[in-house]
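**Q** If you read the protein sequences in the order shown, they are chains A and B.
If you count by our numbering, then the first sequence holds residues 847 to 1195, one letter each, in order.
If you count by our numbering, then the second sequence holds residues 847 to 1195, one letter each, in order.
Protein chains: 2
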Amino acid sequence: MELTERKLKILQAIISDYVRTAEPVGSRTISKKYDLGISPATIRNEMADLEEMGYLTHPHTSAGRVPSDMAYRLYVNALMEKKELSREEKSIISQRLQSNVHEFEKTIEHAASLLSEITNLTSFALTPTKEEDALRFINLLPVDEKTIVLMIVSESGKISNTALTINAPYSEENLQLLAKAMTYNYKGKTISEALTNNIIESFESDIAAMSGLAHDIMPNFMRTLEDMLNVNLYMEGLSNIFDIPEYNDLQKAKSFIEMLSQKDIFTRKLLERDDGIIVTIGAENADDIMNDCALITASYHVDGKLVGKIGVIGPTRMKYGEITSVIEYMTDNLSDTFKLESGGNDKDE
Amino acid sequence: MELTERKLKILQAIISDYVRTAEPVGSRTISKKYDLGISPATIRNEMADLEEMGYLTHPHTSAGRVPSDMAYRLYVNALMEKKELSREEKSIISQRLQSNVHEFEKTIEHAASLLSEITNLTSFALTPTKEEDALRFINLLPVDEKTIVLMIVSESGKISNTALTINAPYSEENLQLLAKAMTYNYKGKTISEALTNNIIESFESDIAAMSGLAHDIMPNFMRTLEDMLNVNLYMEGLSNIFDIPEYNDLQKAKSFIEMLSQKDIFTRKLLERDDGIIVTIGAENADDIMNDCALITASYHVDGKLVGKIGVIGPTRMKYGEITSVIEYMTDNLSDTFKLESGGNDKDE
DNA sequence: ATTAGCACTCTACGCAAGTGAGTGCTAACA
DNA sequence: TGTTAGCACTCACTTGCGTAGAGTGCTAAT
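1. Is asparagine 1191 of chain B helix, strand or coil by DSSP?
2. Verify the CB distance criterion: does serine 877 of chain A have a CB-CB separation below 8 Å to chain B?
3. Output the distance between the C-alpha atoms of lysine 1165 of chain A and glutamate 1118 of chain B, rounded to the nearest integer angstrom.
4. Kindly indicate if chain B contains any beta-carbon less than 8 Å away from that of alanine 1129 of chain A.
5. How would you call glutamine 941 of chain B, buried or exposed, if buried means at least 16 neighbouring beta carbons within 10 angstroms?
6. Kindly list, in the order they appear in chain A, the residues whose Cβ is closer than 7 Å to that of isoleucine 1005 of chain B.
7. Residues of the segment 975 to 986 of chain B in Cβ contact with chain A at a cutoff of 9 Å, in chain order, please.
8. Please check if any C-beta of chain A sits within less than 8 Å of the C-beta of leucine 1021 of chain B.
9. Could you name the residues of the same chain whose beta carbon sits closer than 8 Å to that of glutamate 930 of chain B, not counting the 5 residues immediately before and after it, in chain order?
10. In this structure, what does DSSP give as the bridge partners for glutamate 1082 of chain A?
11. Kindly indicate if chain A contains any beta-carbon less than 8 Å away from that of phenylalanine 1112 of chain B.
12. Helix, strand or coil: which one does DSSP assign to alanine 980 of chain B?
13. So, is glutamate 1082 of chain A buried or exposed, given that buried needs 16 or more other C-beta atoms within 10 angstroms?
14. Roughly how many whole angstroms lie between the Cα atoms of arginine 852 of chain B and threonine 1113 of chain B?
15. Taking the beta carbon of asparagine 891 of chain B as the centre, do at least 16 other beta carbons fall within 10 Å, making it buried, or is it exposed?
16. If I measure Cβ to Cβ from serine 873 of chain A and keep anything under 7 Å in the same chain, skipping five residues before and after, which residues do I get?
17. Name the chain B residues whose beta carbon is nearer than 9 Å to that of asparagine 1179 of chain A?
18. Using 8 Å as the limit for Cβ to Cβ distance, is phenylalanine 1088 of chain B near chain A?
19. Among the residues of its own chain, which have a CB less than 7 Å from the CB of alanine 957 of chain B, if the five just before and after it don't count?
20. Start and end of the alpha helix (DSSP H) containing methionine 916 of chain A?
21. Tell me the DSSP secondary structure of leucine 882 of chain B in three-state form.
22. Who are asparagine 1179 of chain A's beta bridge partners in DSSP?
23. Is the segment 1064 to 1073 of chain B in contact with the segment 1143 to 1156 of chain B, if contact means three or more CB pairs nearer than 8 Å?
24. Quick check: leucine 1152 of chain A and serine 1038 of chain A, are their CB atoms within less than 8 Å of each other?
25. Measuring only the C-alpha atoms, how far is leucine 960 of chain A from serine 937 of chain A?
26. Isoleucine 1012 of chain A to isoleucine 998 of chain A, Cα distance in whole Å?
27. Smallest Cα separation from isoleucine 884 of chain B: which of B:Ile856, B:Tyr1080 and B:Asn1131?
28. So, helix, strand or coil for methionine 997 of chain A, using DSSP?
29. Contact check, threonine 1162 of chain A vs alanine 1140 of chain A under 8 Å by CB: the rounded distance?
30. For aspartate 915 of chain B, is the classification buried or exposed, using 16 other Cβ atoms within 10 angstroms of its Cβ as the cut-off for buried?
31. Starting from the Cα of methionine 1074 of chain A, find the closest Cα among A:Ile1124, A:Ser1006, A:Lys1185 and A:Leu987 and give me that residue.
32. Less than 8 Å separating the beta-carbons of glycine 1167 of chain B and leucine 967 of chain B?
33. To the nearest angstrom, report how far apart alanine 1027 of chain B and proline 1015 of chain B are at their CA atoms.
34. Less than 8 Å between the C-beta atoms of asparagine 1020 of chain B and leucine 1059 of chain B, yes or no?
35. Would you call the segment 857 to 876 of chain A and the segment 896 to 913 of chain A in contact, with 3 or more CB pairs under 8 Å?
36. Using 10 angstroms around the beta-carbon of methionine 926 of chain B, count the other beta-carbons present and answer buried if the total reaches 16, otherwise exposed.
So this is what it looks like as structure tokens:
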């Protein structure tokens, strides 16, 4: 069967109405509200066709039609018009995102919060993965007799520290030397690369005095690197789902919140997604528990390289057009912000 | 009217039964299940008295009795027996808390998670407030021509960094000098004190070369200090509330989750609470939205000084005895852990 | 002072009837 | 041949009613 122009128009009308009302849409409604110049009976025939083709479903015999995942997919791919944000909306977003720029993590958190405010959905933001981030500088600093600080600075400006207790006595000179050696060895390597390249062996046979020092330090160095790879997940607007009819049921609400509470798992899923604006609808989400959800994510860039993500999750019935526009504008804005900031002050989280 | 021995026994039986079942307790139930040697009729009379005294309420005429906030308060103050944890339970807790010790924040987060697992309630943990933490060491490190790192180490081992872009050219010598001066000036001062003591003026008239440097650095120093004061709030087991009859209603569940989503406000409330094990029941929580909740918090110590908090929140109907025992054991354990760790490896978050 | 007995109250549950939105089919129409 | 009006049918949802059951409070007996 062919997807005629008229069928598309009807489908679009149904989607548009359903997204607004969350109620199954009847033929009469379409005929009255949308000026298609055809009678309810004709629309019913077309609807039956659309259902046969898989674009619509039927909660029960005497109910109106509801768009299927397939319909939303078609809508996102072909029918949807990206909404151009108004000057005002844009300025609000830019302004709100600027307010806290000097604190990277705060900015990201704030972006998530803003997004949930605008969309009335649950939103999230992921700080960049640092696998591509290269090491720039390693230092070892004496604090007192038994304590030194290991400090790692990455190209993106990320700093990480560990305070270490040293068993063997150390000289400041040795520390400097070891730090220089480590910097020399690791500079320019990405964190991932550095993690697979433990130089402790090469020190082993070197100057004896430094061997003990290196032994104390290297495990902590590795652990610190691992820690630098970690991303933070911020989530906002969780309670928004209570205002969404789809979750108007304790069981549904529970499983939604349970899913999002498993931050590790959810983070992994986000990391697996491609960059750019990605929309996954219903069953397209591999996970069973997300089969009733749509997920929209987009990536922002830090320093033109590192990639973080931001997005929303909600019922498949969502305003795809508006939301993608907002997210796109926000990620552009974030990427710009973090480009200007490049080399600037960037607080370690 | 006097609170006779028998009345207390009946009250305790009612509380005990209600805490378990969440159903209003009738006189027959008490008479049958609890061996008080008195008939339902007598119990009814006593119940009527207890109600008059304010310890019980009555959802409706033909329902059993429900303990009031006042009853729980009496229970917590006088009737409750602290449950001695079994060897096994203790060892599970100790073990789970040890697993991640090298990462302070992770340990705290883990403690919250463990607590919610044990209690089946929503739990939270607050990292220590650092107002009492004194500065130990300030350093300024050259990274490249335009970038330096400002590093602050506190007595408790907390480290904080900021990468700064420096406009004026700097010499390594000047950096060292400035760092030394700052350390000299701030060492031993608490963060709060340091925040009210901007030394930039005293530098103003000093060596000219360092004035520009200080100007670049001091605002960032202050901001970093402010940041060091911030506490982190971890929350776990949010979805547990869906299994609690009291929240078996979307409206209730929503307001609960909304309340806890406002992390800033909730954190402030936690900080305001006294140290030690504090139980607040229903209307005792100043906040209207927490009038149906009970909140149990306890404080743990880091290095014998800094104080963090951990606790649970749930309906007023909760197992006060067990929970306070668990929390007490956990905070003791945490305090011990962080005492041993004192001066040891402590990862900056 | 305690208890058995009993009338009374109130919620919760199930069932039946009614309502209304919406469909699918058929036959008439342009 | 595509479109439309008409109509019977379906099914969820609401409302009202009757009943069962749990529990109280009172009274009178022990």
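Just so it is clear, CB atoms sit at the ideal spot from N, CA and C, and this is done for glycine as well.
**A** The structure says:
1. Position 345 of the second sequence, counted from the first residue, corresponds to residue 1191 of chain B. Because the pLDDT at asparagine 1191 of chain B is just 44, under 50, the model does not fix this residue reliably, and the point stays unresolved.
2. For the purposes of this step, residue 877 of chain A is identified with residue 31 of the first sequence, where counting begins at 1. Answer no: the Cβ-Cβ gap between serine 877 of chain A and chain B never drops below 8 Å.
3. Counted from its first residue, the first sequence places residue 1165 of chain A at position 319. Counted from its first residue, the second sequence places residue 1118 of chain B at position 272. Computed Cα separation, rounded: 42 Å.
4. Counting from one through the first sequence, the residue named residue 1129 of chain A turns up at place 283. False, the Cβ-Cβ gap to chain B never drops below 8 Å.
5. Position 95 of the second sequence, counting from 1, holds the residue named residue 941 of chain B. So glutamine 941 of chain B counts as exposed.
6. Walking along the second sequence from the start, residue 1005 of chain B turns up at place 159. Near isoleucine 1005 of chain B (Cβ distances below 7 Å), the residues of chain A are Val995, Asn1007 and Ala1009.
7. Listed by position, the residues of the segment 975 to 986 of chain B near chain A (Cβ gap below 9 Å) are Arg982, Phe983 and Asn985.
8. Sequence index remark: in the second sequence, residue 1021 of chain B carries index 175 (1-based). No, because no Cβ of chain A sits closer than 8 Å to the Cβ of leucine 1021 of chain B.
9. Here residue 930 of chain B is taken as the residue at index 84 of the second sequence, counted from 1. Cβ neighbours of glutamate 930 of chain B within its own chain (closer than 8 Å, five residues either side excluded): Ser1171.
10. Position 236 of the first sequence, counting from 1, holds the residue named residue 1082 of chain A. DSSP, once it has assigned bridges, lists A:Ser969 as partnering glutamate 1082 of chain A.
11. Taking the first residue of the second sequence as position 1, residue 1112 of chain B is located at position 266. By this cut-off, phenylalanine 1112 of chain B is not an interface position.
12. Taking the first residue of the second sequence as 1, we reach residue 980 of chain B at position 134. Alanine 980 of chain B falls in the strand class under three-state DSSP.
13. The residue labelled residue 1082 of chain A in the question sits at position 236 within the first sequence. Glutamate 1082 of chain A comes out buried.
14. Here residue 852 of chain B refers to the residue found at position 6 when the second sequence is read from its first residue. Here residue 1113 of chain B refers to the residue found at position 267 when the second sequence is read from its first residue. For the pair arginine 852 of chain B and threonine 1113 of chain B, the Cα-to-Cα distance works out to about 42 Å.
15. By 1-based counting over the second sequence, the position of residue 891 of chain B is 45. Here asparagine 891 of chain B is exposed, its C-beta having fewer than 16 other C-beta atoms within 10 Å.
16. Along the first sequence, read from residue 1 onward, the residue named residue 873 of chain A stands at position 27. So the qualifying residues of the chain are Pro886, Ile889, Arg890 and Met893.
17. For the purposes of this step, residue 1179 of chain A is identified with residue 333 of the first sequence, where counting begins at 1. Going along chain B, no residue has its Cβ under 9 Å from asparagine 1179 of chain A, so there is no contact; the nearest lies around 22 Å.
18. As a first step, residue 1088 of chain B is located in the second sequence; it is residue number 242 there, counting from the start. Between phenylalanine 1088 of chain B and chain A, the shortest Cβ-Cβ separation is below 8 Å.
19. What you label residue 957 of chain B is simply residue 111 of the second sequence in a count that begins at 1. For alanine 957 of chain B, where only same-chain residues beyond five positions count, the Cβ hits under 7 Å are Leu943, Ala971, Ile1156, Met1176 and Leu1180.
20. Residue mapping note: residue 916 of chain A aligns to position 70 of the first sequence, counting from 1. In the DSSP assignment, methionine 916 of chain A falls within the alpha helix (DSSP H) that extends over 915 to 920.
21. Mapped onto the second sequence, residue 882 of chain B falls at position 36. For leucine 882 of chain B, the three-state secondary structure derived from DSSP is coil.
22. Taking the first sequence and counting its residues from 1, the one referred to as residue 1179 of chain A is at position 333. Asparagine 1179 of chain A pairs with nothing; no bridge assigned.
23. Because the criterion of three Cβ pairs below 8 Å is not met, the segment 1064 to 1073 of chain B and the segment 1143 to 1156 of chain B do not touch.
24. Along the first sequence, one-based indexing puts residue 1152 of chain A at 306. Along the first sequence, one-based indexing puts residue 1038 of chain A at 192. No, the Cβ-Cβ distance between leucine 1152 of chain A and serine 1038 of chain A is not below 8 Å.
25. In the first sequence, counting from the first residue as 1, residue 960 of chain A sits at position 114. In the first sequence, counting from the first residue as 1, residue 937 of chain A sits at position 91. Rounded to the nearest angstrom, the two C-alpha atoms are 13 Å apart.
26. Position 166 of the first sequence, counting from 1, holds the residue named residue 1012 of chain A. Position 152 of the first sequence, counting from 1, holds the residue named residue 998 of chain A. Here the alpha carbons of isoleucine 998 of chain A and isoleucine 1012 of chain A stand approximately 18 Å from one another.
27. Taking the second sequence and counting its residues from 1, one reaches residue 884 of chain B at position 38. Per the Cα distances, B:Ile856.
28. The residue you call residue 997 of chain A lines up with position 151 of the first sequence. Here methionine 997 of chain A carries a strand assignment [DSSP, helix/strand/coil].
29. The residue given as residue 1162 of chain A occupies position 316 in the first sequence. The residue given as residue 1140 of chain A occupies position 294 in the first sequence. With a beta-carbon spacing of about 5 Å, threonine 1162 of chain A and alanine 1140 of chain A fall inside the 8 Å limit used to define contacts.
30. By 1-based counting over the second sequence, the position of residue 915 of chain B is 69. In this structure aspartate 915 of chain B is buried. Its beta-carbon is surrounded by 16 or more other beta-carbon atoms within 10 angstroms.
31. Along the first sequence, read from residue 1 onward, the residue named residue 1074 of chain A stands at position 228. Ranked by Cα distance from methionine 1074 of chain A, the options A:Ile1124, A:Ser1006, A:Lys1185 and A:Leu987 are led by A:Ser1006.
32. Indexing the second sequence from 1 puts residue 1167 of chain B at position 321. Indexing the second sequence from 1 puts residue 967 of chain B at position 121. Cβ distance not < 8 Å, so glycine 1167 of chain B and leucine 967 of chain B don't count as in contact.
33. Against the second sequence, residue 1027 of chain B aligns to sequence position 181. Against the second sequence, residue 1015 of chain B aligns to sequence position 169. Alanine 1027 of chain B and proline 1015 of chain B have their alpha carbons spaced roughly 19 Å apart.
34. Start at 1 with the first residue of the second sequence, and residue 1020 of chain B comes out as number 174. Start at 1 with the first residue of the second sequence, and residue 1059 of chain B comes out as number 213. Yes, Cβ-Cβ distance for asparagine 1020 of chain B and leucine 1059 of chain B is below 8 Å.
35. The segment 857 to 876 of chain A is in contact with the segment 896 to 913 of chain A.
36. Counted from its first residue, the second sequence places residue 926 of chain B at position 80. Classification for methionine 926 of chain B: buried.
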